[in-house]
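J.:
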Amino acid sequence: MNEFLATSLGKFSQVALAVAIFFAVLMLLFGIAGKIDGKSQNLVARIIFFGPAGILLFVGLVIPAIQTIIFSFKDPDSLKFIGLENYKWMTADPNVHVILVNTALWILVVPLVTTGIGLMLAVLLDRMKHESVPKSLIFMPMAISFVGASIIWRFVYDYAKEGYPQTGLLSNIASFFGKNPQNWLLTKPLNTFLLMIIFIWVQTGFAMVILSAAIKAVPTDVVEASALDGAHGWKLFRSITFPMVRSTFIVVLATMVVGALKLFDIVRTMTGGNFGTNVLANEMYSQVFVQFDQGKGSALAVALFISVTPILIYNIVHLRRERQH
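Take 5 as the starting number for the sequence shown in our numbering and just add one per residue.
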C-alpha cells in the first residue's frame, strides 16, 4: 500500500508540475502580448492564441498519425519493415472480409435509420403542446455511454436454457407470440442488427434535437403561405420542410456515418466481436492489445482513417458553403 501511494504521489506530482508549468508559460505569454502595441500586436496575439492549440494538435494528432502509418508497414513488433504485407493480409483474410461487410452494414443501415427516425420525431413533435417532455425522454439515452446502454440491452436480449425461466424481454415477447426463444446474440446475422438497435436507441435523440432546431428555424410565413395554397401533411413536408432542413439532415447523417465507422464500445461489450459481429474498430483494438500485432492493428487504423476522411472533408466543405449563403 505504501509503495502504491509513493508511486502514485510521484506520478501525480509530475502531472501537477507539468500543468503548472504550462499555465505559467501561458500567463507569461499573455502578459507579454498585453504590453505589445502597434502593427505587430495582431500577429503576436494570433501566435499566442493559436500556438498552444497548434502544438497540442501536432503532438496529440499529427505525430501519432504519422507513427501509425509507419507502423502499418512494419512487423508485429514494429522492428523491421515488411512493405505492404499487412495490407495484403487485410485483402486476403476471410475474417477481415466479414469485418468489412459488417462495417459496411453499419454504415448503410444505422445512419439512415437513426437520422430518419430523428427527423420523423422532430416533425411529429413540432408545435406539439409540452413537446419538451417527450423530447427530454427521447434524448435521455444520450446521457448514457455506449457501454452502459449495452449493459441495459443485455437484459433485453438475455436468454435462458430450456427448462429455466426466461428473463430477457425479447425472449418473453417471442414466447408470448408462440415462438421459441433463442440465444439472440449467437444468431447470425440477426445479432449484428440487434447491436445496431442499441446505437440507434442512444443516438436518435441527438438527431431529433438537431433536426427539431432546424425545423423551428423554418420561417412561419412560408409554412402558412404553403398551407393556404393547399400544402398539408406529406406534401408540406416534401415541398417545404425537408428542403429547408436538407443541409442539417446531411450534416447529421454524415455525423452518424462517422460514429458508425468508429463503433467499438457496443460490439466489445455485447459480443467481444465474436459470432460474426466484429467491426473494423474492434478488430483494430484486438490486433494491438490482444494479439499484440501492432503492424496489422496500425494497418486497420489507417483503413479506418481513410474511410472517415472523405466524410469529414465533405462536412467541412458543406458547412462552408452554408455559411457563404
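The beta carbon of each residue, even a glycine, is placed where N, CA and C say it ideally should be.
Every value quoted in this text rests on a predicted model; they were computed, and no experiment measured them.
Inspect the CB distances between the stretch 295-315 and the stretch 61-76 and report whether three or more fall short of 8 Å.
T.: Yes, the stretch 295-315 is in contact with the stretch 61-76.
J.: Could you pull the start and end residues of the alpha helix (DSSP H) that leucine 141 belongs to?
T.: Start and end: 136-143.
J.: Quick one: Cα of alanine 217 to Cα of glycine 263, how far?
T.: Each residue's Cα considered, the two are about 21 Å apart.
J.: Check lysine 84 in the structure and name its three-state DSSP category.
T.: Here lysine 84 sits in coil by DSSP.
J.: On the criterion of 16 or more Cβ atoms from any shown chain inside 10 Å, does asparagine 46 qualify as buried, or is it exposed?
T.: With fewer than 16 other Cβ atoms within 10 Å, it is exposed.
J.: Does DSSP put lysine 133 in a helix, a strand or coil?
T.: DSSP places lysine 133 in coil when its eight states are reduced to three.
J.: From this set, Pro193, Thr196, Pro169, which residue's C-alpha is nearest asparagine 184's C-alpha?
T.: Closest option to asparagine 184, Cα to Cα, is Pro169.
J.: I'd like the ranges of any alpha helix (DSSP H) spanning at least 4 consecutive residues and lying wholly in the stretch 82-127.
T.: With a minimum length of 4 residues, the continuous alpha helix (DSSP H) runs that stay inside the stretch 82-127 are 89-96.
J.: Do the CB positions of proline 230 and serine 243 come within less than 8 Å of each other?
T.: Looking at the sequence shown, residue 230 is not proline but serine. Yes, Cβ-Cβ distance for serine 230 and serine 243 is below 8 Å.
J.: What residues in its chain sit with their C-beta under 8 Å from that of leucine 284, if we drop five residues either side in the sequence?
T.: Ile103, Leu104, Thr107, Leu265, Leu304, Ala307, Leu308, Ser311, listed in sequence order.
J.: Go ahead and pull the three-state DSSP assignment for lysine 78.
T.: The answer is strand: DSSP assigns lysine 78 an E or B state.
J.: Using beta-carbon positions only, say whether leucine 215 and phenylalanine 241 come within less than 8 Å of one another.
T.: In this structure, phenylalanine 241 does not lie closer than 8 Å to leucine 215 by Cβ.
J.: Nearest to isoleucine 202 by CA position, among Gly167, Ser179, Ile148, is which residue?
T.: The residue with the shortest Cα to Cα distance from isoleucine 202 is Ile148.
J.: Alpha carbon to alpha carbon, what distance is there between valine 66 and valine 29?
T.: Cα to Cα, the separation comes out at about 23 Å.
J.: Would you call the stretch 180-196 and the stretch 267-281 in contact, with 3 or more CB pairs under 8 Å?
T.: With a cut-off of 8 Å, the stretch 267-281 and the stretch 180-196 count as touching, because enough Cβ pairs lie within range.
J.: Under the rule that 16 or more other beta-carbon atoms within 10 Å means buried, what is methionine 144, buried or exposed?
T.: Exposed, because fewer than 16 other Cβ atoms sit within 10 Å of the Cβ of methionine 144.
J.: Are the CB atoms of glycine 172 and valine 160 within a distance shorter than 8 Å?
T.: Yes, these two residues count as a Cβ contact at 8 Å.
J.: For the alpha helix (DSSP H) holding threonine 275, just list the boundary residues, first then last.
T.: Run containing threonine 275: none; DSSP gives neither H nor E here.
J.: Is the separation between the beta-carbon of alanine 221 and that of valine 256 shorter than 8 Å?
T.: No, they are not a contact pair.
J.: Does any C-beta atom of chain C lie closer than 8 Å to the C-beta of isoleucine 244?
T.: In the structure shown, chain C cannot be found, because there is only a single protein chain.
J.: Between which two residues does the alpha helix (DSSP H) holding arginine 250 run?
T.: Arginine 250 -> alpha helix (DSSP H) spans 246-265.
J.: Whole angstroms is fine: what's the gap from serine 302's alpha carbon to glutamine 71's?
T.: Between serine 302 and glutamine 71, the C-alpha separation is close to 9 Å.
J.: Taking Cβ to Cβ, would you say isoleucine 142 is nearer than 8 Å to glycine 209?
T.: Yes, Cβ-Cβ distance for isoleucine 142 and glycine 209 is below 8 Å.
J.: Do leucine 129 and lysine 139 have their C-beta atoms within less than 8 Å of each other?
T.: Contact flag set, yes.
J.: Would DSSP call serine 311 helix, strand or coil?
T.: In the structure shown, serine 311 sits in a helix (DSSP, three-state: H, G or I).
J.: Here's the rule I'm using: 16 or more other beta-carbon atoms within 10 Å means buried, otherwise exposed. How should leucine 88 be labelled?
T.: When all chains shown are included, leucine 88 counts as exposed.
J.: Could you check how far apart the C-beta atoms of leucine 33 and isoleucine 52 are, in whole angstroms? I think they sit under 8 Å.
T.: Correct: roughly 5 Å between the Cβ atoms.
J.: Beta-carbon within less than 7 Å of leucine 4's beta-carbon, same chain only, minus the 5 sequence neighbours each way: which residues are those?
T.: The structure shown does not extend to residue 4, since the chain spans only 5 to 329, so no value can be given for it.
J.: Just to confirm the assignment: which complete alpha helix (DSSP H) runs, minimum length 4, are found wholly within the stretch 159-185?
T.: Entirely contained in the stretch 159-185, the alpha helix (DSSP H) runs reaching 4 residues are, in chain order, 173-180.
J.: Cβ atoms of valine 113 and methionine 200: under 8 Å apart, would you say?
T.: In contact: methionine 200 and valine 113 (Cβ atoms closer than 8 Å).
J.: CB-CB under 8 Å to leucine 323, same chain, minus the five flanking residues each way: which ones, in chain order?
T.: Result list for leucine 323: Val255, in chain order.
J.: Mind reading off the beta-carbon distance from proline 98 to methionine 260? Whole number of angstroms is fine, and I expect it under 8 Å.
T.: That belief does not hold up - the Cβ atoms of proline 98 and methionine 260 are roughly 29 Å apart, past 8 Å.
J.: Exposed or buried, what is isoleucine 111 when buried is set at 16 or more other beta-carbons lying within 10 Å of its beta-carbon?
T.: Per the 10 Å Cβ criterion, buried.
J.: For alanine 178, which residues in the same chain have their Cβ closer than 6 Å to its Cβ, ignoring the five residues on either side in sequence?
T.: For alanine 178, where only same-chain residues beyond five positions count, the Cβ hits under 6 Å are Pro185.
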